[in-house]
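The next block holds one structure in the form of structure tokens; read it before the comments.
In our numbering, the protein residues as written are 1 to 166.
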């Protein structure tokens with residue numbers, strides 16, 4: 001798949017090429033966490049392709065840097081204003097541009113990354129849910145439970161119990 005993704009399709013789009021590279025790397029790891037990351041990256045790549053069909057230009061470097069910062073630092077408590085300062089743009093401009101090029105707001109992108117990580121933690125470890133919440137970048141277990149329930153319709157505890165059923 002990597003040779004196809006690195007072909008002419010992504011030569012002009014550095015952000016898509018970067019996503020494709022991450023996709024290839026994660027697909028080689030073979031863990032549930034990497035499988036979830038692979039799925040998330042595939043969605044990101046497909047969203048980028050859909051946006052790219054409407055918008056022929058690549059995301060500006062500052063915006064790609066902001067996306068990579070979110071992707072690599074999702075476990076930390078991030079602030080929209082500090083992310084915008086790092087990118088060198090106004091927060092509103094960052095949010096609008098991010099949505100335009102990537103199909104989601106930075107906040108939703110961050111929640112998706114955190115939920116992917118929490119899902120894998122619930123499936124692969126026996127750590128307490130509160131610890132998984134903190135490791136995933138949520139403020140506490142209650143925050144994870146609210147976001148998880150809205151997204152998946154069940155609590156993290158119930159999800160874990162369902163995984164453990166024979």
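Even for Gly, the Cβ is constructed at its ideal location relative to N, Cα and C.
Straight across, the Cα-Cα distance linking residue 95 with residue 41 is about 20 angstroms.
Take residue 121, set aside five residues on each side of it, and the residues of its chain with a beta-carbon closer than 6 angstroms to its own are 132, in chain order. Shown here, residue 27 sits in a helix according to DSSP, grouped into three states.
Nearest C-alpha to residue 81 among 71, 165, 45 and 66: 66. In the displayed model, residue 143 falls within a helix according to three-state DSSP.
Between the beta-carbon of residue 87 and that of residue 63 there is about 7 angstroms, and that keeps the pair under the 8 angstroms contact cut.
For residue 106, the uninterrupted alpha helix (DSSP H) segment begins and ends at 106 to 124. Residue 115 counts as buried, since at least 16 other C-beta atoms from the protein chains shown sit within 10 angstroms of its C-beta. The Cβ atoms of residue 36 and residue 119 lie closer than 8 angstroms to each other. Membership of residue 73 in any alpha helix (DSSP H) is not indicated, and neither H nor E is assigned to it by DSSP.
Sixteen is the threshold: since fewer than 16 other Cβ atoms of the shown chains lie within 10 Å of the Cβ of residue 142, the residue is exposed.
Under the three-state reduction of DSSP output, residue 97 falls in the helix class. Of 155, 102, 108 and 101, the smallest CA-CA separation from residue 78 is found for 108. Within the same chain, and ignoring the five residues on either side of residue 130 in sequence, the residues whose Cβ sits closer than 8 angstroms to its Cβ are 140 and 141. Out of 125, 16 and 33, the CA that lies nearest to the CA of residue 161 is found in 125.
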